[in-house]
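Residue numbers (the working numbering): 76 to 412.
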């Protein structure tokens with residue numbers, strides 16, 4: 076498919092819009108501002124945009140105002156329902172006002188079928204859309220080292236590369252929806268890796284090992300991974316600054332299980348993904364959906380008070396709030412009882 080983009084993207088010629096100013100969105104938008112791009116932004120909570128405004132971003136009152144003022148509109152939202160409302164359905168949605176030839180880039184971790192719907196709706200208006208969820212967490216967003224998983228028209232993705240490379244490494248996966256499918260597969264892998272890292276730490280401590288020495292030793296072998304590099308030392312140091320909400324992990328894993336169930340002619344069994352979803356769901360059910368996914372080690376602690384060998388293990392709300400090592404914390408306590 077040919078694309079109508081003979082003009083290169085540059086800070087002086089390309090108008091950028093941004094919607095979604097949470098932990099990830101703010102860090103990513105900040106990198107575009109630092110590169111000299113002018114940003115028009117919208118947020119349902121305007122106070123979250125103060126840092127971006129201090130860098131020169133212009134705050135407006137609706138998604139449609141962002142669309143009118145932009146050639147490329149980025150979204151980084153929480154849930155597929157947010158994408159549906161802000162991009163498609165509201166009277167002041169992005170597509171209600173995006174100029175012909177405009178591009179929507181959705182960084183939200185969303186559903187592949189919704190990504191296809193957005194693409195089709197954009198083409199009906201002579202616009203384009205790219206589903207481009209990311210992986211790398213808050214550190215990757217801040218440092219411009221995200222993996223960007225892009226689905227849509229390959230020519231449009233290539234045209235967007237000057238913007239993508241400011242935030243990380245773009246990877247063209249395939250047609251519309253493929254970026255989202257890739258992200259779901261990524262989250263299934265990350266969830267299992269987090270669980271393995273948490274329980275490895277549990278066993279190391281229960282065996283009397285120094286956790287720091289254990290981490291340094293195994294990170295050099297087959298157990299080493301990006302998950303270990305991102306979260307290992309932070310888990311040990313009880314560093315639970317924002318990185319990724321547990322409720323979003325539940326959403327992503329749930330979408331993966333939903334997609335499998337929708338494929339009626341295929342037999343796909345993912346017991347590990349189902350287990351990880353249940354563990355993260357425990358955090359959400361406990362009211363900790365806005366806690367960070369590093370806190371998986373504390374997931375088991377959120378089962379509350381249990382008895383083992385006639386001794387109680389009591390986990391306070393404050394202790395729960397302190398950590399993303401959920402399964403880690405519960406098992407650590409359990410092994411000491």
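We put the CB at the ideal spot given by N, CA and C, even for glycine.
Check residue 85 in the structure and name its three-state DSSP category.
The count along the chain shown starts at 1 and reaches residue 85 at position 10. Reduced to three states, the DSSP call for residue 85 is coil.
C-beta atoms of residue 266 and residue 202 nearer than 9 angstroms:
For this step, residue 266 is matched to residue 191 along the chain shown. For this step, residue 202 is matched to residue 127 along the chain shown. No, Cβ-Cβ distance for residue 266 and residue 202 is not below 9 angstroms.
Can you tell which of 230, 289, 221 and 137 has the C-alpha that lies nearest to the C-alpha of residue 204?
Here residue 204 is taken as the residue at index 129 of the chain shown, counted from 1. When each option's Cα is compared against that of residue 204, the closest is 230.
Take residue 135 and list the residues in its own chain whose beta-carbon comes closer than 8 angstroms to its own, dropping the five residues that flank it on each side.
Looking up residue 135 in the chain shown gives position 60. Here the set comprises 115, 116, 117, 141 and 144.
Which term fits residue 127, buried or exposed, when burial requires 16 or more other beta carbons within 10 angstroms of its beta carbon?
Mapped onto the chain shown, residue 127 falls at position 52. Classification of residue 127: buried, given that the 10 Å Cβ count is 16 or more.
Can you tell me which of the three DSSP states residue 413 falls into?
Within the shown structure, residues of the chain are numbered from 76 to 412, placing residue 413 beyond reach of any answer.
Residue 208 and residue 252: beta carbons closer than 9 angstroms?
Translated into positions along the chain shown, residue 208 becomes position 133. Translated into positions along the chain shown, residue 252 becomes position 177. In this structure, residue 252 does not lie closer than 9 angstroms to residue 208 by Cβ.
What three-state label does DSSP hand residue 162 in the structure shown?
Within the chain shown, residue 162 is the residue found at index 87, counting from 1. In the three-state scheme derived from DSSP, where H, G and I count as helix and E and B as strand, residue 162 is classed as helix.
Going straight from the alpha carbon of residue 93 to that of residue 331, what length do you get?
As a position in the chain shown, residue 93 is number 18, starting the count at 1. As a position in the chain shown, residue 331 is number 256, starting the count at 1. Residue 93 and residue 331: Cα-Cα distance of roughly 27 angstroms.
Among 105, 185, 178 and 302, which has the Cα closest to the Cα of residue 131?
Here residue 131 is taken as the residue at index 56 of the chain shown, counted from 1. Closest option to residue 131, Cα to Cα, is 105.
What do you reckon, are the CB atoms on residue 180 and residue 235 nearer than 9 angstroms?
Here residue 180 is taken as the residue at index 105 of the chain shown, counted from 1. Here residue 235 is taken as the residue at index 160 of the chain shown, counted from 1. Contact flag set, yes.
With a floor of 3 residues, list each beta strand (DSSP E) that falls wholly inside the region 182-253, ordered by position along the chain.
203-206, 221-226 and 243-249
Counted within 10 angstroms of its Cβ, other Cβ atoms place residue 282 as buried (16 or more) or exposed
Residue 282 sits at position 207 when you count from the first residue of the chain shown. Counting Cβ neighbours within 10 Å, residue 282 comes out exposed, since fewer than 16 surround it.
Residue 262: buried (16+ other C-beta within 10 angstroms of its C-beta) or exposed?
Here residue 262 refers to the residue found at position 187 when the chain shown is read from its first residue. Buried, because 16 or more other Cβ atoms sit within 10 Å of the Cβ of residue 262.
Name the DSSP beta bridge partners of residue 92, please?
As a working note, residue 92 is residue 17 in the chain shown. BP columns for residue 92 point to 115 and 148.
If you count every other CB in all the chains shown that lies within 10 Å of the CB of residue 111, and 16 or more means buried, which is it?
By 1-based counting over the chain shown, the position of residue 111 is 36. Per the 10 Å Cβ criterion, exposed.
Consult DSSP for residue 179 and reduce its assignment to one of helix, strand or coil.
Start at 1 with the first residue of the chain shown, and residue 179 comes out as number 104. Residue state, collapsed to three classes: strand.
Just to check my reading of the structure: residue 223 and residue 243 have Cβ atoms closer than 8 angstroms, yes? What is that Cβ distance to the nearest angstrom?
By 1-based counting over the chain shown, the position of residue 223 is 148. By 1-based counting over the chain shown, the position of residue 243 is 168. Yes, they are in contact, since the Cβ atoms of residue 223 and residue 243 sit about 5 angstroms apart, within 8 angstroms.
Find out if the Cβ-Cβ distance for the pair residue 255, residue 333 is shorter than 9 angstroms.
Translated into positions along the chain shown, residue 255 becomes position 180. Translated into positions along the chain shown, residue 333 becomes position 258. No.
Determine whether the beta carbon atoms of residue 326 and residue 154 lie at a separation below 9 angstroms.
Working through the chain shown from its first residue, we reach residue 326 at position 251. Working through the chain shown from its first residue, we reach residue 154 at position 79. Contact: yes.
Using C-beta distances below 6 angstroms, list every residue in its chain close to residue 356, excluding the 5 sequence neighbours before and after it, in chain order.
For the purposes of this step, residue 356 is taken as the residue at position 281 of the chain shown. Here the set comprises 325.
List the endpoints of the continuous alpha helix (DSSP H) containing residue 357.
Your numbering for residue 357 matches position 282 in the chain shown. From DSSP, the alpha helix (DSSP H) with residue 357 extends over 346-360.
Nearest candidate by alpha-carbon position, reference residue 221, set 345, 100, 95 and 86
Taking the chain shown and counting its residues from 1, one reaches residue 221 at position 146. Taking each of 345, 100, 95 and 86 in turn and checking the Cα distance to residue 221, the smallest one comes out for 100.
Excluding the 5 residues preceding and the 5 following residue 175 in the sequence, name in chain order all residues of the same chain whose CB lies nearer than 8 angstroms to its CB.
Position 100 of the chain shown, counted from the start, is the residue given in the question as residue 175. Excluding sequence neighbours, residue 175 sits near 200, 201 and 202.
Candidates 172, 348, 218 and 91: which alpha carbon is nearest residue 268's?
As a position in the chain shown, residue 268 is number 193, starting the count at 1. It is 348.
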